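Here's the structure we're looking at; comments come further down.
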Amino acid sequence: MAELLFELGVEELPAGFLAKAIIDLEALATERLATLRLEHEGVRVLGAPRRLTLSVVGLARSQRDLSEQVLGPAAKVAFDAEGRPTRAAEGFAQKNGVPASALRVVEVPGKGPYVAADRQEQGQGTSAILPRLLAELVRAIPWKKSMRWGSLDESFARPVHWLVALYAGEVVPLTLFGITSGRTTFGHRFLAPGAIELGGSIADYVARLRGARVLVDPAERRAAAAAELARIEVERGLRVRRDDTLLDEVANLVEWPRAVTGAFDEALLALPEDVIVSSMRGHQRYFATERVGGLDNRFVTIAGTVVADEALVASGNERVLRARLADAEFFFAEDRKTGLDAMADRLGGVVFQTKLGTVAEKAARLAGAGGARALSGATPECWARAARLAKADLVSKMVGEFPDLQGGMGRRYAELANEPPEVALAIFEHYLPRGGFESVPTAALGAALGLADRVDTLVGCFAVGLAPTGSGDLFGLRRAALATLHLLLERGWHTPLGTLVDEAATLLAGKITWTPALREKLLEFVRTRFEGLLVEPRRRDDQREPAVGLAADCVAAALAAGFEDVPDAAARATAVARLRDRADFEPLGVAFRRVANILDGQDASGVPDSAQFVHESEGALYAAFTAVRERVGAATERARTASATAASAAADYGVALAELATLEPHVARFFDGVMVLDPEPTVRRNRLALLGMVNAAFLRIADFRKLAVGQGPK
0 MAELLFELGV EELPAGFLAK AIIDLEALAT ERLATLRLEH EGVRVLGAPR RLTLSVVGLA
60 RSQRDLSEQV LGPAAKVAFD AEGRPTRAAE GFAQKNGVPA SALRVVEVPG KGPYVAADRQ
120 EQGQGTSAIL PRLLAELVRA IPWKKSMRWG SLDESFARPV HWLVALYAGE VVPLTLFGIT
180 SGRTTFGHRF LAPGAIELGG SIADYVARLR GARVLVDPAE RRAAAAAELA RIEVERGLRV
240 RRDDTLLDEV ANLVEWPRAV TGAFDEALLA LPEDVIVSSM RGHQRYFATE RVGGLDNRFV
300 TIAGTVVADE ALVASGNERV LRARLADAEF FFAEDRKTGL DAMADRLGGV VFQTKLGTVA
360 EKAARLAGAG GARALSGATP ECWARAARLA KADLVSKMVG EFPDLQGGMG RRYAELANEP
420 PEVALAIFEH YLPRGGFESV PTAALGAALG LADRVDTLVG CFAVGLAPTG SGDLFGLRRA
480 ALATLHLLLE RGWHTPLGTL VDEAATLLAG KITWTPALRE KLLEFVRTRF EGLLVEPRRR
540 DDQREPAVGL AADCVAAALA AGFEDVPDAA ARATAVARLR DRADFEPLGV AFRRVANILD
600 GQDASGVPDS AQFVHESEGA LYAAFTAVRE RVGAATERAR TASATAASAA ADYGVALAEL
660 ATLEPHVARF FDGVMVLDPE PTVRRNRLAL LGMVNAAFLR IADFRKLAVG QGPK
C-alpha cells in the first residue's frame, strides 16, 4: 500500500466550479478505482481557487487479480443439436479470452441452462496504470464551461500551470496541457509565491501549503472565514448577519481568508432591507451586519490576502457599494411613482414564450384558475387581485437591476400602496419554493397561486415542444415539477395532478393543442420527479423533514398504485417503507408479489363463491380476508380523508398493511395446496376471483410487484 497525490495548478476557478469539481472528481476517482480493481483505504479531494487535489491513501501496488464467472448465451443458443459450439458460443469465448471447449453450462434459477466462462486476468502494477488513469479523470470532470488557451487542442475550466503527480513518493510521469508532472507546487500568489517541493503524503501537502498561506482543505478554509467574521464581531462590536450560502461561496473564492469592514451612509437604510442586502451580497459578496431593530450601515467582506492598508481596501469597497445603493435609491423612487397597477398594464409587452403569449396573458390565466382558487380559500376578488399583481414587478426598474428581488419588491410596493396584506404576501410567496427544499409559502393564497403558475408553465411548455432533454431545461421545468409536488405535500392538498393539468390545458386552449399523449408524458415527467423526491434524503432550510429518504422499491410500489393524489401517495410510500422494517417482511413481500404476478394478464373479476371451494386452504384464505376486510377498509378511508395529516395518513395505511400482513400464512398455504390456474374453468375462475379480491385490497396502497423481494414464479 502507498499514497497517491495529484494536484492540478490552475488560474482561479469560479467558486461554483470548484465546489462541484471537488464532488465530481471524488465520485469519478472512486468509481474508476473500483472498475480497475485498485484497492485503497480512501479517496479525498481538496481544492482552492488555484488548485484541485486528489489524494488516495493506502493505494495497492497492483490491481487485484481477476477471477470471475461470466454468463453468456442460453445453452440452447450456444450449442447445436449435436452439442457443437455455435458462432454465438465461439464469439462469447473469444471475447472472454478462453477456448470454446472451456465453456461450461450452468443452471440459472428461473431461467434454465446458460453458458458460462471462467475468466482470469492477472493484475497490472499500479505505477503503470496511473498515467492513463489520471489523464482520464482530468478529462472526465464535467465543467459547466471549458476554455482553450495557447495552441492547445485540449480544454479545461481554466488554464493549467503546473502538475503534481506522486505515488509512493515517486513522480508519476504524465503530460497534460503541454505540462509535465513533477513534485513542485506553489503557495499563495502574493503572500508566499515561491516553489514548494513535496514529499508525497496528503498530510505533508496540507501542512506545507498552510505554511505558505494556502488553506487547501475547503472545510478548514470555511472555518477560517467564519472565524474571521467572529473576530471582526468582537473587535469592531458588530453583529454579522448569518448567511451560510454566502460563506460557502466566499470560502471558495480565497485561499487565505481575511475579514475587512466598511460602511455606507446611514440615510440609505431607508431602502428596503432586501435591496441593501442584495446589493451587497449579489455583486460584492459582502456580509450584512445588524443592529437592534434591523440592518446596520456597516458590512464585512472576506479578502483573499493580508492587506497592508485595510482602510484603503475598505474605501474601495465602500465606493463600489455607494454607487450600487445610489442606483437602487433612484430605482426605488421611480418605481414608487409608477405603481404596481401601471406595471401590471405593461406586462402585455413582456413575452413569456413566443407561442404561449405574454406575461399579461399568463396572469389572466392564473386569475381564471378556479381549481387553484378553491384550494386557496380566497374570495374571487382577492384571488383576481393577487393574480393581476403577482408578476407586475418584473417590469420594475429595481427588479431589472436586481433580478433576485422579484416578488420581494412586488410585496414591498403592494404594502406601500396599501394593498390587502394577504395579496402583498402572495405576490412574494407565489415564487416559493424557488429551488430544492427552500421554505414554502406560509399562506394558502401564495401557495395556490404558485401552484397554478407552475402547472400553467408545465402544460404550456410541454405542448409547444419545450420538454427538458438531457441537461437542457430553458424554462426550469424540473424545478417547476418539484415545486408543484412540494406545494401539494406541504399544504396537504389532495386535488389530483391530472385535474390541475386539465384545467391549465383548458385555460391555454387558444394557444396550444393538447392531446392525451402529451398529458400522459407530462404526468410521467412529474411522477419521475416525485419518485426522486421521496427517495433522495435531503433536509429543508427550516430543518423540517418531509417524507423523503424512502427505499426506491417501496416508493415505486406505492406510486404504481396511483400518484396523482400527491399527499396520499407519499403517505402510502411511507407506510410500505415501514412495513419493510418488519422481521417477516421478506416472506410477506414474496407472498403478495406472487399474488400480483399470477394475476398478471388474468381475468380476476367477480366475487368468489365459497360453495365452490375445493381445498381447505381456499376457505381459510377467504375467511381470513373476510375477517380483516372491514378494518382494512376503515383504516384506508381514514387515511384518505381531507383532514388526515401526513403522519396520521401514513399511520393509518400502516394499520391497513399490518392487517393485510396477517394473511401471509394463509396465502402461502393456499399456493402450496392448490393450482390456481386449474384446468377446470369454474374452479380456476373462482380461485382467480379470490386472489383478485385480496390483491385489490393491496392495490389500494401499493403494487407489490415493484418490491425488491424474492422473485417468486411469474
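Note that numbering that gives the first Met the number 0 gives residue 451 to position 452 of the sequence shown, counting from 1, and the numbers run on in steps of one. A virtual CB, placed ideally from N, CA and C, is assigned to each residue, including glycine. Owing to the predicted nature of the structure, the values given are computational and were not obtained by experimental measurement.
In DSSP terms, what residue i is bridged to
i, result
"T184", "I195"
"I178", "L175"
"S54", "L4, R43"
"T468", "G471"
"W161", "G8"
"I301", "A258"
"Y285", "T300"
"F155", "M146"
"R290", "G293"
"V170", "L165"
Sequence-distant residues of its chain with Cβ nearer than 7 Å to residue i (five each side left out)
i, result
"F189", "T304"
"G588", "F703, L706, V708"
"S609", "G618, Y621"
"R528", "R477, A480, L481, L484"
"P495", "E563, D564"
"A206", "none"
"F176", "L151, E153, F155, V159"
"T505", "none"
"A754", "The structure shown does not extend to residue 754, since the chain spans only 0 to 713, so no value can be given for it."
"E38", "A59, R63"
"P467", "L476, R477"
Assumed close pair residue i, residue j - CB separation to whole angstroms, cut-off 8 Å
i, j, result
"A269", "R220", "Going by Cβ atoms, the distance from A269 to R220 rounds to 37 Å, so no, they are not a contact pair."
"V606", "A688", "6 Å"
"G41", "G15", "G41 to G15, Cβ: 26 Å. No contact."
"T67", "R118", "One detail in the question is off: residue 67 reads as Glu in this sequence, not Thr. That pair is a contact at about 6 Å."
"A33", "V69", "About 18 Å; that fails the 8 Å criterion."
"R182", "V213", "At roughly 17 Å, the Cβ-Cβ gap does not stay under 8 Å, so R182 and V213 are not in contact."
"E502", "G347", "At roughly 23 Å, the Cβ-Cβ gap does not stay under 8 Å, so E502 and G347 are not in contact."
Exposure label - residue i; buried when at least 16 CB within 10 Å
i, result
"T179", "exposed"
"I21", "buried"
"H282", "exposed"
"M0", "exposed"
"K94", "exposed"
"P256", "buried"
"K336", "exposed"
"V525", "buried"
"M397", "buried"
"K390", "buried"
"N417", "exposed"
"F329", "exposed"
"M146", "exposed"
"H486", "The question names His, but residue 486 is Leu in the sequence shown. The residue in question, L486, is buried, as its Cβ has 16 or more Cβ neighbours within 10 Å."
"L65", "exposed"
"R538", "Summary for R538: the model assigns pLDDT 44, below 50, so the residue's position carries little reliability, and this model does not support an answer."
"G193", "exposed"
"R230", "exposed"
"T681", "exposed"
"L17", "buried"
"S604", "exposed"
"V105", "exposed"
Close beta carbons around residue i, own chain, < 8 Å, minus the five adjacent residues each side
i, result
"D242", "R280, F286, A287"
"T661", "A623, V627"
"T512", "A462"
"N381", "Position check: residue 381 holds Cys in this sequence, whereas Asn was assumed. The answer, listed in chain order, is P419, E421, V422, L444."
Beta-carbon contacts of residue i that lie in its chain and below 6 Å, excluding the five residues immediately before and after
i, result
"T300", "V259, Y285, N316"
"E10", "R157, P158"
"F427", "G406, G407, R410"
"E544", "Note that E544 has pLDDT 42, beneath the 50 cutoff, so the model's placement of it is unreliable and the number below is only indicative. There are no such residues."
"Q542", "Note that Q542 scores 40 on pLDDT, short of 50, meaning its location in the model is unreliable and no value can be drawn from it."
"A99", "P84, A88, E89, A92"
"K361", "F351"
Can you give, in chain order, each stretch of the beta strand (DSSP E) that sits fully within the stretch 328-367 and has at least 3 residues?
Those beta strand (DSSP E) runs which fall completely within the stretch 328-367 and span 3+ residues are 350-352.
Any alpha helix (DSSP H) of 4 or more consecutive residues that is wholly inside the stretch 59-129
Secondary structure remark: continuous alpha helix (DSSP H) runs of at least 4 residues inside the stretch 59-129, in chain order: 74-77, 86-94.
Residue ranges of each alpha helix (DSSP H) run of no fewer than 4 residues wholly in the stretch 208-282, ordered along the chain?
Restricting attention to alpha helix (DSSP H) runs no shorter than 4 residues, the stretch 208-282 encloses them at 217-235, 243-250, 272-278, ordered along the chain.
Whole alpha helix (DSSP H) runs in the stretch 597-679 with 4 or more residues, listed along the chain?
For the alpha helix (DSSP H) assignment, the uninterrupted runs of no fewer than 4 residues enclosed by the stretch 597-679 are, from N- to C-terminal side, 615-639, 645-660, 663-672.
If we require 4 or more residues per run, which alpha helix (DSSP H) segments fall completely within the stretch 378-421?
List check, alpha helix (DSSP H) in window: 379-388, 396-400, 407-415.
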